[in-house]
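Enquirer: Numbering (our numbering), first residue to last: 138 to 586. Take a look at this one; I'll ask things after.
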Amino acid sequence: MNFKSIFRIEMMLIFMISSISFAQNPLIQDQYTADPSARVFGDRVYVFPSHDIVATEGKGRKDWFCMEDYHVFSSANLTDWTDHGMIVQQNKVPWVKPDSYSMWAPDCIERNGKYYFYFPSTPKDTINSKRGFTVGVAIANQPEGSYIPEPNPIKGISGIDPNVFIDKDGQAYLYWSGGNIFVAKLKENMTELESEVKTIENLPTKGLKEGPYLFERNGIYYLTYPHVENKIERLEYATGDNPLGPFKVAGVIMDESPTGCWTNHHSIIEFKKQWYLFYHHNDLSPEFDKLRSIRADYLYFNPDGSIQKVVPTLRGVGITKATNPIQIDRYSKISDKGSSISFLDNSNSFEGWKTTFNQSDAWIQYNSIDFGKKKLKSVSVRAMSEKGGVLQIRTKGIDGAVIAEVTVPKNSEWVEVKSPLLQFDSGVQDVFVVSKNDNQVEVDWVKFE
């Protein structure tokens, strides 16, 4: 192989693997992602989502879910995410029906130094005489791949949404859905069922159930799943003392989407002594809920082991560096009047959002910004205001210390305005941006230097 060939390959790898810094929801903002299966491997969190794309003529079913491949993302701090690129593609899996665009919710787990990626799809007619989905496996030596698909799907499975769990005694279990939720033991090779398929009983019988995800904490096995109790899915859970059940319905983890996103799909992990719920919403496609985006929020337990209901946030998890552009539109709190959020470009939601102030004392709060120890001297704001405006940056509460005052000049284009810091607070701070007049001011981001 000559130098030019090596250089070409290296450049391809650079473009395939990109780092993106998003310390808020949605976690990934340059593509659609859904059905996040989060796993802790080593000192990083890896998320294996499905990949929504827009169905077009001859490419998927119009106005329906359309997925043709999978990516994997990872982070050491839940703030800076790396896209490791495509790991499995539909037309490179021997058993998948060509151009079926049905690579739905996956999962992944490690065993004996190998990583087993489970995914559903529509099989070729010659493989499965039944209509519908089945589940296959792809295997890699590291979590980011490369993954090699098994030539055939797992025998005995008809359904979607695989979830794999390895108990403390080493026994592996596979869960999936298809009208009901099913479970079977896996053989040591992780590619074949070891037991008969069991239907999990005592779960709600009315309304769709899917997307099972099982985890164990303090001897309690939590079977979690989306369920349509009314019109759209909410996240629920049942508990038991055995991976095979019986389980008892215990409560709701997250209520239905207030904006009407019909599906939800999730995973739950513990990372650095904190529990997290990963799930999805249609942030980047509010008018069409078949294009979703993955999120994460903190999850807490009560002393009796029950799960506290998670209220979805835009702020999400992780700590934002003060020296990075801070997207204040992914807020922690916002004033009732005079502040609003909208897309920067309605024709391209991947450009992100902006905050608009149009009333004096309107404000927005963004929590957990790390100012570090080295003294910062200024703040830059990317803003636009046709009549001009004044913004105050505060810490220590909405009525707290003013650390900067930014005068936004009259301009119909985006400008970056820099102002000196009046004082410096080290460490992790919550920041408030407050408008000080009634003129409309739009803000893209805030950054400290």
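Yeah, the Cβ is synthetic: ideal placement off N, Cα and C, and Gly gets one too. In this text, all values refer to a predicted model and were calculated from it rather than measured experimentally.
1) For Ser266 and Phe256, what's the separation of their Cα atoms in angstroms?
2) May I have the straight-line CA-CA distance separating Asn326 from Glu281, to the nearest angstrom?
3) Specify the secondary structure class of Asn461 as computed by DSSP and reduced to three states.
4) On the DSSP letters alone, give me the boundaries of the beta strand (DSSP E) that Trp551 sits inside.
5) Please report the straight-line C-alpha distance between Ser295 and Ile405, rounded to a whole angstrom.
6) Once DSSP output is grouped into helix, strand and coil, what is the label at Glu373?
7) Quick check on Ser266: does DSSP put it in helix, strand or coil?
8) Please state whether DSSP places Glu586 in a helix, a strand or coil.
9) In chain order, which continuous runs of the beta strand (DSSP E) of length 3 or greater are located wholly inside the segment 468-510?
10) Mark Trp201 as exposed unless 16 or more other C-beta atoms lie within 10 angstroms of its C-beta, in which case mark it buried.
11) So if DSSP puts Ser517 in a beta bridge, which residue, or which two residues, is it bridged to?
12) Please say whether Ile224 and Val209 have beta carbons closer to each other than 8 Å?
13) Look up Gln227 in the DSSP assignment and say whether it is helix, strand or coil.
14) What first and last residue would you give for the beta strand (DSSP E) that runs through Trp241?
15) Buried or exposed for Asp473, please, with buried defined as at least 16 other CB atoms from any protein chain shown within 10 angstroms of its CB.
16) In this structure, how does DSSP classify Met327 when only helix, strand and coil are distinguished?
17) According to the neighbour-count rule (16 or more other Cβ atoms, all chains shown, within 10 Å of its Cβ), is Glu553 buried or exposed?
18) Ignore the nearest five residues each way along the sequence and tell me which others in Ser237's own chain have a CB closer than 8 Å to its CB.
19) Which whole-angstrom value is the C-beta distance of Tyr503 and Arg429, which I expect to be below 8 Å?
Expert: A quick look at the data gives this:
1) Taking the sequence shown and counting its residues from 1, the one referred to as residue 266 is at position 129. Taking the sequence shown and counting its residues from 1, the one referred to as residue 256 is at position 119. Below a pLDDT of 50, predicted positions are generally treated as unreliable, and Ser266, at 48, falls in that range; the measurement from the model is reported next regardless. Spanning the two alpha carbons is a distance of roughly 19 Å.
2) Reading the sequence shown from its first residue, position 189 is the one you call residue 326. Reading the sequence shown from its first residue, position 144 is the one you call residue 281. One alpha carbon belongs to Asn326, the other to Glu281, and they sit about 20 Å apart.
3) Here residue 461 refers to the residue found at position 324 of the sequence shown. In the structure shown, Asn461 sits in coil (DSSP, three-state: anything other than H, G, I, E or B).
4) As a working note, residue 551 is residue 414 in the sequence shown. Per DSSP, Trp551 is one residue of the beta strand (DSSP E) stretching across Asn548 to Pro557.
5) Numbered from 1 along the sequence shown, position 158 holds the residue referred to as residue 295. Numbered from 1 along the sequence shown, position 268 holds the residue referred to as residue 405. One C-alpha to the other measures close to 25 Å.
6) Residue numbering aside, residue 373 sits at position 236 when the sequence shown is read from its first letter. It is a strand residue.
7) Looking up residue 266 in the sequence shown gives position 129. Low confidence applies here, because Ser266 scores a pLDDT of 48, under 50, leaving its location unreliable and the question unanswered by this model.
8) On the sequence shown, residue 586 is found 449 positions in, with the first residue counted as 1. Coil, per DSSP.
9) 476-480, 490-494 and 500-507
10) Sequence index remark: in the sequence shown, residue 201 carries index 64 (1-based). Taking all protein chains in view, the Cβ of Trp201 is surrounded by fewer than 16 other Cβ atoms within 10 Å, so the residue is classified as exposed.
11) As a first step, residue 517 is located in the sequence shown; it is residue number 380 there, counting from the start. Lys555 and Lys584.
12) In the sequence shown, counting from the first residue as 1, residue 209 sits at position 72. In the sequence shown, counting from the first residue as 1, residue 224 sits at position 87. A contact, by the Cβ cut-off of 8 Å.
13) Position 90 of the sequence shown, counting from 1, holds the residue named residue 227. Three-state result, Gln227: helix.
14) Taking the first residue of the sequence shown as 1, we reach residue 241 at position 104. It is not in any beta strand (DSSP E) - Trp241 carries neither H nor E in the DSSP assignment.
15) Locating residue 473 in the sequence shown gives position 336, where the first residue counts as 1. That one is exposed.
16) As a first step, residue 327 is located in the sequence shown; it is residue number 190 there, counting from the start. Reduced to three states, the DSSP call for Met327 is coil.
17) Position 416 of the sequence shown, counted from the start, is the residue given in the question as residue 553. Under this definition Glu553 is an exposed residue.
18) Here residue 237 is taken as the residue at index 100 of the sequence shown, counted from 1. Answer for Ser237: Gln227, Ser258 and Thr259, listed in chain order.
19) As a working mapping, residue 503 is identified with position 366 in the sequence shown. As a working mapping, residue 429 is identified with position 292 in the sequence shown. Not confirmed; about 24 Å, so no contact.
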